[in-house]
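Structure record follows, encoded as structure tokens.
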Amino acid sequence: MSNVTKDASQLEIDPRSTLAIEARAAAHHALSEPATATNAQPTAPPAPVGALHRFFATLRAAQKRHFLGHEVASELSKFLASDSTLTPQVRKSVSRLLRGCPEVFLDGDTSYATLRPKPGIKRTVRLHPSSTQLEEVSRGEFLRMKDRQVQGDEEASKLGLVIDFSPYYRDFPQVSEAAEMGDGISVLHRRLSAQMYQNADRFRESLLKYLRERRVDGQSILVGDHVRSAGDFAVNLAAVRADLDEIDEEPPLSKLIGTLRSHGFEPGWGASLTAIRETLYLLARVIESADASHFADLMRRLPLVRTVLMVSPHGWFAQEGVLGKPDTGGQVTYVLDQARAIERQINDQLAACGLDATGKVIILTRLIPEAEGTTCSNPREAVHGASDSWILRVPFREPAGGVHPAWVSRFQIWPYLEDFAEESRQAVVTELLGAPDLIIGHYSDGNLVAHLLAEQLGTTHCACVHALEKTKYLLSDTHWAELEGQYHFSKHFTADLLSYNSADYVVSSSLREIGGTEDEQGMIEAHDLFSMPGLYRVQSGLNPRLARHNVIPPGVSEEFFFPAGDPRRVPELSESLSRRLLGEEPAEGCLGTLARPELPMVFAMARMDKIKNLPSLIEMFAAVERLRENANLLLVTSLNRSEDAKDAEEVEEIARAHRLIDQYGLHGSVRWCAARLDKSETGEIYRLIADGRGVFAQPALMETFGLTVIEAMACSLPVVGTCFGGPSEIIEHGASGLVADPTDIQAFGQALADVVTDRDRWCDLSQGGIDRVQSAYTWKLHAERLLGTANVYSYWNHTDVMNRPALDRYIHTLYHAVYRPRVMAMDR
Ligand code: UDP
Ligand code: LCN
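Taking our numbering, the leading residue of the sequence shown gets 699, the next gets one more, and so forth.
Given below as structure tokens:
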């Protein structure tokens, strides 16, 4: 065994496991991008080898063998600052070469590194002391070297399972420019439609077949069954357009439908003469010319989705009284808001297409009999604010078939999911009277179930990511075996590989989730090349450059999250909330008496997970005098007593926070409330804190997106957000909030102090935050894009130009040979 093996207790969550944080000076790239897939290992161009030898020697002096991205970046900036012999040219090229490098290994006297010449592209290289140039090594060899560090030579040299998805994506379009990352739909569409136009007859036939098979409520739409050939289709199209052109005044829709039907067309092309003419114009352009942009516009306009199934099994899924409970946060808010927005968008689209039908959305989750006062034991519940959206709860089963009564942590959920999917399939088909038109999976467990259902029902699968645990827990791949008892990462990461590869398209909330930036590896990208020693080596897992990744950020509910100056505020709600949380004698569950209640509040509200890093906020508050003197700290979490918590991480975090308040003597400046606020109260607490010129703190060690950030911004409350993950993309630093490094206690604390002590700055950031959310983060935008994207992917899947059968068989094999046996061996 080598000296890098850690025991499980040493394994801390580290946000920066995949992130480099400094050395960001260089603006260009040292290596050019390979023309082919990420697996390609072209020859490296000359590198500043002398300087690299010296840099790796300084790493050796640190007595460590493995350096993660942020450590490489910080060591590199120290090295560049200390070595005065380096010429500017050499400095620049070393910085470029190692920019965003996710890891360096020192293996004996040879140094290995992963280089990232561009976001989403990795090279594996090594440097031997006697070498005069960097040597490319294969991904397999690189992973074997990594395993050697943990397993020792003998074990690591054995043949083991290698997972490699790259052959299945050989012909799949990929983004070539970093700027296109997150816009997979455009790239896919451009490339595939160009291919299709090369065989125009085949394309017309396939489009006709696709349109002819569309149904709404069992009724034929768009094109009638009797239009059999592409030739007839084109002739009929010209004829119907000519007839429509002769109509001068807007006739009733029934008459327009009569005209359509007389030429073999069915309803669904529009609700008015103008709309039908426009859509048929797009169709004519698509059939006659090779213009992909018309094709995308056409597909987005068509009423192809009426019923949607959303899958979100874990946590406590309900509309009230659950946020802040373990495993229960933004995803629940997101799914409920998404369901409402999607239903609304489907209804708008069906009406605009002239169809007399309405949309229906089912949210499938888990039924928890021991519901702790929530509605989680209710099998069917109407979604508030929607017309025909429902929460459908299906129980988890014990091996003998009985219902499992209690909540199950997201880390222990795996053995229940296959039975859950099977029972849910029947419930969903009964509820919708057939298969849904679209299945949206949420997070790892939801996407595994969505994958099983989509496969059986033949439906398009859209995967929403929310969070990827591998990037949250430092070294959770390499040291999976030690963590298995508590976290079951072997099942979790395998499920992620299977379901995110099987989904037809993947929706992320931020670019960080996909291919990251030039300085930081993205979260999907972190699943491209990794090893779980003794289990398998992943040579190509999730490729962030495939044109299946799309950034479609969520929004905030405008009903609850509006600016502080808005007349919709309810004075009674403000007063009662202020009394409950901020008053001299607060409600039960609030700890701490404030010596100077008139001071602005540094406010944080989050789950008590390690990753949320709330105890560090206490340290920041204590460490920066300017902050302590000019503000109070308000924490709102669902629990504030360890003895009430059931989740192991929660127990630890609560205890740590209490210790820090005692240690720094912060009584008198901290109010800590155990509360579960409903949405109107949440909106109002942000506004109350904004009334007092406070600030919202989001110091997470890693945040996939961060709904609280946009909620606070929408409510006029300036935010200081973490530089790790989504918040750094939401907040334009200095304009709509501040971004700071939460591992730098002083820096984050100073940023908070800057906001509360400078009135002009506060006003600018407050207004900047409102503007940012209103222009970029609305649910309407989200629903329009998500459904438009679904139409396009669903068409391309139908045409089978993406070679799915081989990929599906590989996923099936891994499910049965790797995932399932491990899951079946778990207790339930
Ligand atoms: N939330 C809440 N009470 C809490 C903690 C969180 O109401 O004690 C809500 C918060 O308003 C937001 C969501 O839960 O809507 C948290 O979402 P975010 O994306 O910030 O974090 P997550 O918990 O999903 O990691
Ligand atoms: C999960 C997270 O960790 C958050 O960052 C997101 O905002 C939330 O899901 C909703 O997507």
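Every residue, glycine too, gets a C-beta built ideally from N, C-alpha and C.
How about residue i and residue j: are their beta carbons less than 8 Å apart?
i: Q1184; j: F1094; result: no
i: I1060; j: L1136; result: no
i: H1247; j: S1206; result: yes
i: G1423; j: T1402; result: yes
i: T1380; j: Q1396; result: no
i: G1253; j: T1476; result: yes
i: C1288; j: L1297; result: no
i: V1204; j: V1163; result: yes
i: G1363; j: A1293; result: no
i: A876; j: A990; result: no
i: A1321; j: Q1444; result: yes
i: D1035; j: S780; result: no
i: V792; j: L750; result: yes
i: V1417; j: F1394; result: yes
i: L813; j: R824; result: no
i: F870; j: L906; result: no
i: G1220; j: P817; result: yes
Is residue i near the ligand UDP, going by C-beta to nearest heavy atom under 7 Å?
i: S1107; result: no
i: M1303; result: yes
i: E1116; result: no
i: G1013; result: no
i: V1334; result: yes
i: T830; result: no
i: R814; result: no
i: E1018; result: no
i: R1374; result: yes
Below 8 Å on the Cβ atoms is my contact criterion, and I expect residue i with residue j to pass it. Report the Cβ-Cβ distance as a whole number of Å.
i: S1492; j: L1048; result: Between L1048 and S1492 the Cβ distance is about 16 Å, and since that is not below 8 Å, they are no contact.
i: V921; j: E964; result: 6 Å
i: G798; j: E1096; result: The Cβ separation is near 47 Å, so there is no contact.
i: A1262; j: C1413; result: 6 Å
i: A1438; j: A1451; result: Not really, about 11 Å apart at Cβ, beyond 8 Å.
i: H961; j: A928; result: Actually they are not in contact, since the Cβ atoms of H961 and A928 sit about 15 Å apart, beyond 8 Å.
i: D1025; j: S1107; result: 7 Å
i: P827; j: D807; result: 5 Å
i: L1019; j: R1374; result: At residue 1019 the sequence reads Gly, which differs from the Leu that was named. Yes, they are in contact, since the Cβ atoms of G1019 and R1374 sit about 5 Å apart, within 8 Å.
i: G1213; j: E1223; result: 5 Å
i: L1484; j: C1160; result: 7 Å
i: R998; j: N1311; result: Not quite, the Cβ-Cβ distance comes to about 40 Å (not below 8 Å), so this is no contact.
i: A1133; j: T1157; result: 5 Å
Measuring from the CB of residue i, is there a heavy atom of the ligand LCN at a distance below 7 Å?
i: E1401; result: yes
i: P1093; result: no
i: S1174; result: no
i: P1252; result: yes
i: G1435; result: no
i: A1412; result: no
Take the Cβ of residue i as the centre, count every other Cβ of all protein chains shown within 10 Å, and call the residue buried at 16 or more, exposed below.
i: D1525; result: exposed
i: E681; result: Because the chain in this structure spans residues 699 to 1526, residue 681 falls outside the shown range and cannot be described.
i: T1533; result: No answer is possible for residue 1533: the residues shown for the chain start at 699 and end at 1526.
i: L996; result: buried
i: T1176; result: buried
i: C1371; result: buried
i: I719; result: Reliability of the predicted coordinates at I719 is poor, the pLDDT of 28 falling under 50, and no value is obtained from them.
i: N897; result: exposed
i: N1241; result: buried
i: N1076; result: exposed
i: P1067; result: exposed
i: P1503; result: exposed
i: M1230; result: buried
i: L859; result: exposed
Could one say the Cβ of residue i lies closer than 8 Å to chain C's Cβ atoms, at least one of them?
i: H1496; result: No chain C appears in the structure shown, which is made up of a single protein chain.
Practice prompt. Any chance you could list the alpha helix (DSSP H) runs of at least 4 consecutive residues sitting entirely within the stretch 984-1039, in chain order?
Written response: 990-999
Discussion item. Just to confirm the assignment: which complete alpha helix (DSSP H) runs, minimum length 4, are found wholly within the stretch 1135-1210?
Written reply: 1141-1155, 1167-1170, 1178-1185 and 1187-1200
Worksheet item: Mind pulling the alpha helix (DSSP H) runs of 4 or more residues that sit fully within the stretch 1262-1303?
Response: 1269-1275
Worksheet entry | 3 or more residues per run - each beta strand (DSSP E) lying fully within the stretch 1389-1443 | If we require 3 residues or more, the beta strand (DSSP E) runs fully inside the stretch 1389-1443 come out as 1393-1396, 1417-1420 and 1436-1438.
Worksheet item: In chain order, which alpha helix (DSSP H) runs of at least 4 residues are fully inside the stretch 1476-1507?
Response: 1477-1497
Fill in: Inside the stretch 737-800 only - beta strand (DSSP E) runs reaching at least 3 residues
764-766
Worksheet entry | Every unbroken alpha helix (DSSP H) within the stretch 1314-1357, with a cutoff of 4 residues, ordered by chain | Listed in chain order, the complete alpha helix (DSSP H) runs (minimum 4 residues) inside the stretch 1314-1357 are 1323-1328.
Item to complete: May I have a chain-ordered list of the beta strand (DSSP E) segments no shorter than 3 residues that lie completely inside the stretch 856-944?
Response: 860-862
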